[in-house]
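Quick note: the sequence shown uses the working numbering, first residue 2, plus one each step. Beta carbons are placed, not taken as given, at the ideal position from N, Cα and C, and that holds for glycine.
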Amino acid sequence: MKAKWKIVASLIALVLVSMLVGGFLGAKYAEGVIRKRHMPEAWNRTAMRALQHRLKLTPEQNAKMQHILEGGVEEMKGIRLETIAKTDVVVERLLTELEKEITPEQRVEFEKLRKQRGSTTLDMLKVEPRKK
Numbered sequence: 002m003k004a005k006w007k008i009v010a011s012l013i014a015l016v017l018v019s020m021l022v023g024g025f026l027g028a029k030y031a032e033g034v035i036r037k038r039h040m041p042e043a044w045n046r047t048a049m050r051a052l053q054h055r056l057k058l059t060p061e062q063n064a065k066m067q068h069i070l071e072g073g074v075e076e077m078k079g080i081r082l083e084t085i086a087k088t089d090v091v092v093e094r095l096l097t098e099l100e101k102e103i104t105p106e107q108r109v110e111f112e113k114l115r116k117q118r119g120s121t122t123l124d125m126l127k128v129e130p131r132k133k
């Protein structure tokens with residue numbers, strides 16, 4: 002009877018560990034899919050594949066449509082960069098306003114939080130700066 006409980010406990014532990022590992026791997030995979038979906042270059046490839054598959058494009062049409070999509074991707078990158086810059090301005094303004102409301106003792110910890118925040122970076126979003 003004692004051996005049965007060990008087997009049951011081992012199986013339950015195995016199931017729980019499998020669930021945790023599966024959940025972790027699934028979350029990482031979903032994160033990658035979501036991140037990829039927000040990259041303009043990935044959107045370009047997906048849109049082009051759909052056009053090629055559904056419309057059976059000629060090589061000439063393929064080249065023209067690719068050129069059009071590339072222009073759109075560059076425009077989207079510019080919009081993203083502008084949005085990041087505007088967001089940083091608002092966050093910095095908010096931090097400055099918040100700082101006015103805290104005590105000198107709180108300021109030490111506030112500065113640590115501020116340094117941790119850094120700024121929204123292009124690296125974080127995997128976006129190249131727009132060529133001017």
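- Taking every protein chain shown into account, the CB of P41 has 16 or more other CB atoms within 10 angstroms, so this residue is buried.
- Here the alpha carbons of R108 and R94 stand approximately 16 Å from one another.
- Residue state for L58 is assigned as coil, using DSSP reduced to three classes.
- I103 sits in coil when the DSSP states are folded into three classes, being neither helix nor strand.
- In this structure, the CA atom of S19 is about 37 Å from the CA atom of L114.
- By the Cβ test, the region 85–100 is not in contact with the region 48–63, since fewer than three Cβ pairs between them sit closer than 8 Å.
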